[in-house]
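Working notes for the structure below.
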Amino acid sequence: MALNYLAVAAINLVAALLSIPVIAAGIWLSTQPDNACVQILQWPVIALGVAVLAVGLAGFVGAFWRLPWLLLAYLVAMLALVLALACLAAFVFAVTAASSGRPVPSRAFLEYDLDDYSGWLRARLDAPGRWDRIKTCLAATPTCSDLNQTAAYATAQGFFTAASLSPLQSGCCKPPTRCGYTFVTPTYWISPISPAADPDCAAWSNEQAKFCYSCASCKAGLLQNLRREWRRADLILAVAAAALLAVYAMGCYAFRTAKTDELFRRYRQGYT
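Quick note on UniProt numbering: the sequence shown kicks off at 1 and runs consecutively.
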């Protein structure tokens, strides 16, 4: 029986350790400039990881010191957390299923359309006052200023053949190609004599605090950046949820075996 409880303790310790990649995924998201400005996914991920760690450690304590009531609480709480983690992974996959990225004539980089993304994500950006806060945060990052530090982008030809522009840089740091602006530097463009009626064309400004942060193309570029980063974190969440489910099943089996052995031990003692 002691060996069975030690097995339960070891399994619960593994469950606690599986929280580390989940917490790491949340911390990694929080270090990305776009996610740090939007602040949607990282805190739920970190909170779930910390909860899994706490419950796993509680299960370890309950098994090591043979506290059945704590083990039962662990089994209920861990099942709820595994389901929550799986639901979060499925939700992230669903809202990031759509993507954008359309080729532009004579350009190596892609441009992005806001309508290509899920309504839930677009609604998060369009909440009252939210985009003003996000674009102020984005303007404070080096996302656009880094373009001027890249020697390859010093000429129009070098910039137009740049395939390494991030979606955020493509959408926020330059005017859309369809507007017909003339390149001077990656973040300074001359307005055409007759600008198009597209609102994004009128929204462009050469001021560092403005650029195209008020453009729909900037929102689309941000969502594409988020999609790319969320998909990476979502893979970790899905793997962690599957591993936790397997560990949970083993823990349930080991706990049931330990309880069965205890019942037989009591029966044999009473019979004797």
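Ideal placement from N, C-alpha and C gives every residue a C-beta, glycine not left out. Being a predicted model, the structure only gives us computed values, none of them experimental.
Out of the options, point me to the one whose CA is closest to residue i's CA.
| i | options | result |
| --- | --- | --- |
| A47 | P21, V38, G62 and P68 | P21 |
| M78 | S118, Y117, V14 and Y5 | V14 |
| I190 | K174, L17 and S164 | K174 |
| A73 | G59, R107, A233 and D116 | G59 |
| A97 | R232, A24, F109 and L138 | R232 |
| V95 | A240, D234 and Y248 | D234 |
| Q208 | L138, D132, G129 and T150 | L138 |
| Q42 | S30, V82, Y181 and A51 | S30 |
| A163 | V104, V76 and A54 | V104 |
| G129 | S214, N148, A54 and Y117 | S214 |
| F183 | A202, T155, C201 and A197 | T155 |
| C252 | D116, A197 and V76 | V76 |
Mind checking residue i: buried by the 16 CB within 10 Å criterion, or exposed?
| i | result |
| --- | --- |
| S100 | buried |
| S145 | exposed |
| L114 | buried |
| W230 | buried |
| S87 | The sequence shown places Cys at residue 87, rather than the Ser named in the question. Under this definition C87 is an exposed residue. |
| I134 | buried |
| A89 | buried |
| T143 | buried |
| T272 | Legend: pLDDT at T272 = 47, less than 50; position of this residue unreliable, no value from coordinates given. |
Closer than 7 Å by C-beta to residue i: which residues in its own chain qualify, once you throw out the five before and the five after it? Chain order, please.
| i | result |
| --- | --- |
| L263 | Only weak support is given to the placement of L263: the predicted model assigns it a pLDDT of 46, under 50, and the question is left unresolved by the model. |
| A63 | Y5, V8, A9, N12 and L71 |
| N225 | D34, S166, P167 and L168 |
| A240 | L18, P21, V22 and L85 |
| R107 | F160 and T177 |
| A25 | V45, A233, I236 and L237 |
| Q32 | E229 |
| R227 | T96 and S99 |
| N148 | T185, P186 and T187 |
| A51 | L81 |
| G49 | S19, V22, I23 and G26 |
If you measure from the CB of residue i, is any heavy atom of the ligand ZN nearer than 7 Å?
| i | result |
| --- | --- |
| D200 | Summarising the ligand content, the structure contains no ligands, and the ligand ZN is consequently not present. |
I'd like the list of long-range same chain contacts for residue i, defined as Cβ closer than 6 Å, with 5 residues on each side in sequence excluded.
| i | result |
| --- | --- |
| A7 | A254 |
| N206 | Y188 |
| W28 | none |
| G180 | P192 |
| L121 | V95 and L223 |
| V61 | none |
For residue i and residue j, I'd like the C-alpha separation in whole angstroms.
| i | j | result |
| --- | --- | --- |
| A80 | L67 | 20 Å |
| R124 | L222 | 12 Å |
| L17 | P199 | 50 Å |
| Q157 | T185 | 11 Å |
| L110 | A152 | 18 Å |
| A140 | G56 | 40 Å |
| Q39 | T257 | 44 Å |
| C37 | L244 | 31 Å |
| A210 | W204 | Ala is not the amino acid found at residue 210; the sequence shown has Lys there. Cα to Cα, the separation comes out at about 7 Å. |
| C212 | V82 | 41 Å |
| W131 | G119 | 15 Å |
| V247 | D126 | 41 Å |
| A197 | V92 | 35 Å |
| A54 | T150 | 46 Å |
| A242 | W65 | 28 Å |
| W69 | T136 | 51 Å |
Among residues of its own chain, excluding the 5 on either side of residue i, which ones have a beta-carbon nearer than 8 Å to its beta-carbon?
| i | result |
| --- | --- |
| Y112 | S100, G101, R102, P167, S170, G171, S217, A220, G221, L223 and Q224 |
| M250 | I11 |
| D116 | A98, S99, S100 and A220 |
Task: Minimum length 3: unbroken beta strand (DSSP E) runs contained in the segment 118 to 190 - done: 182 to 185 and 188 to 190
- [ ] Please specify which runs of the alpha helix (DSSP H), each continuous and at least 4 residues long, are wholly inside the segment 6 to 89, giving them in chain order.
- [x] 19 to 31, 33 to 38 and 42 to 64
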